[in-house]
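**Student:** Here the working numbering is used: the first residue of the sequence shown is 4, the next is one more, and so on.
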Amino acid sequence: MRARGLCVAFGENSVLRDLDLDIAPSEFVALLGRSGSGKTTLLRVLAGLQPESSGSLVVPQPRSVVFQEPRLLPWKRIVENVALGLRGGTARAQATAALREVGLEHRLDAWPATLSGGEAQRAGLARALVRNPHFLLLDEPFASVDALTRLRMYDLVIDLWRFHRPSVLLVTHDVDEALLLADRVLVLEGGRIASHIPVGLARPRDPARPRYAELRRDILSLLGVPLPTAPDFDAQDALAAPYPFATGVSA
Ligand SMILES: Nc1ncnc2c1ncn2[C@@H]1O[C@H](COP(=O)(O)OP(=O)(O)O)[C@@H](O)[C@H]1O
Ligand SMILES: [Mg+2]
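And the structure:
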């Protein structure tokens, strides 16, 4: 995808200011930024959900979005939620296949209220995947699941990405999430992409690797969270803090 000169303002509040962004086919990009920096606004523009934007935009189709809350319709069973909007006689079969991919084949006829947080988020992923997106937009989709479920979701997302090969934009405020998943990390600041950091580490990523720790420190510092480097402070220990106890960033 390619965006040039994107601008979005809400009254006096200019959120995106002449923003440029390219994402290559099948590239996995994570977008970091402080709370209120405009991450969701940018994702909405790229998803075609923000009509009051200007600039030029070329986006691969189809595209799918997964939000922080799974947004399942409570009065429809899971398979019906995933099949929603699909046309033709194979809708249920397609939805069933997508739910099988995310490990929910045993919950097809469950009601949304009976799912755990992680299951509901997996159903949300299935609903996105069933459309075979070439561009998958994820807005903090793991923020409300517990830490261990989140780690399993990371593996699932990487497996699905490897199989389907969409371009991915993952919005997150969690530096480790970005470093564990993405090919490239972007920092949104002042209404523009202020930094591009290629990750360049083999997957699965190992937070104990010195290069990981270095990237993590650099990105935290770009986000305005420098780590102490006093001689009596064992920075290597802090930097190698095992995920999920590592530092996230929010304002
Ligand atoms: N629909 C809206 N109307 C007015 N202001 C909005 C609207 N959506 C977002 N904003 C403002 O735009 C800024 C960026 O919001 P958002 O994109 O949600 O940030 P982030 O996702 O990085 O936390 C915030 O100041 C927010 O209050
Ligand atoms: Mg947001």
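By construction, the Cβ of each residue, glycine as well, lies at the ideal position given by its N, Cα and C atoms.
Using only the alpha-carbon positions, how far apart do residue 152 and residue 119 sit?
**Tutor:** Their Cα atoms are separated by approximately 10 Å.
**Student:** Kindly indicate the opening and closing residues of the alpha helix (DSSP H) around residue 213.
**Tutor:** 213-225 is the extent of the alpha helix (DSSP H) around residue 213.
**Student:** Work out the CA separation of residue 94 and residue 248 for me, nearest whole Å.
**Tutor:** Low confidence applies to residue 248: its pLDDT is 44, below 50, so where it sits in the model is not reliable enough to give any reading.
**Student:** Less than 8 Å between the beta carbons of residue 130 and residue 85, yes or no?
**Tutor:** yes
**Student:** Give, in chain order, every unbroken run of the alpha helix (DSSP H) that is at least 4 residues long and sits entirely within the segment 102-152.
**Tutor:** 120-132
**Student:** Roughly how many angstroms separate the alpha carbons of residue 109 and residue 163, rounded to a whole number?
**Tutor:** 19 Å
**Student:** Look at residue 36 and residue 190 and say whether their C-beta atoms are less than 8 Å apart.
**Tutor:** yes
**Student:** Hey, which unbroken runs of the beta strand (DSSP E) at 3 residues or more fall wholly within the segment 22-54?
**Tutor:** 31-35
**Student:** Output the residues surrounding ligand 2, defined as those with a CB atom closer than 7 Å to any ligand heavy atom, in chain order.
**Tutor:** 42, 43, 142, 143 and 174
**Student:** Would you tell me roughly how many angstroms separate the C-alpha atoms of residue 135 and residue 89, rounded to the nearest one?
**Tutor:** 11 Å
**Student:** Where in the segment 175-215 do unbroken runs of the beta strand (DSSP E), each at least 3 residues long, occur, reported from the N-terminal end onward?
**Tutor:** 187-192 and 195-201
**Student:** Specify, as a first and last residue, the run of the alpha helix (DSSP H) that residue 228 falls within.
**Tutor:** Where residue 228 is concerned, there is no enclosing alpha helix (DSSP H), given that its DSSP letter is neither H nor E.
**Student:** Is it the case that the segment 42-58 contacts the segment 7-22, given that we only count it when at least three CB pairs across the two stretches are under 8 Å?
**Tutor:** yes
**Student:** Can you tell me whether residue 25 is buried or exposed? The criterion is at least 16 other CB atoms within 10 Å of its CB, across all chains shown.
**Tutor:** With fewer than 16 Cβ atoms within 10 Å of its Cβ, residue 25 is classed as exposed.
**Student:** Take the Cβ of residue 208 as the centre, count every other Cβ of all protein chains shown within 10 Å, and call the residue buried at 16 or more, exposed below.
**Tutor:** Counting Cβ neighbours within 10 Å, residue 208 comes out buried, since at least 16 surround it.
**Student:** Between the Cα of residue 217 and the Cα atoms of 112, 178 and 52, which residue gives the shortest distance?
**Tutor:** 178
**Student:** Please return the same chain residues whose Cβ sits closer than 8 Å to the Cβ of residue 20, not counting the five positions on each side in sequence.
**Tutor:** 10, 193, 194 and 195
**Student:** Please name the residue or residues paired with residue 100 in a DSSP beta bridge.
**Tutor:** DSSP lists no partner for residue 100.
**Student:** Who are the near neighbours of residue 123 in its chain, counting only those whose CB is closer than 8 Å to its CB and skipping five residues on each side?
**Tutor:** Closer than 8 Å at the Cβ level, and outside the excluded window around residue 123, lie 73, 75 and 115.
**Student:** Residue range of the beta strand (DSSP E) that residue 85 falls in?
**Tutor:** Looking at the DSSP string, residue 85 is not in any beta strand (DSSP E); the run it does join, the alpha helix (DSSP H), is 81-86.
**Student:** Taking 7 Å as the cut-off, does the CB of residue 70 come closer than this to any heavy atom belonging to ligand 1?
**Tutor:** no
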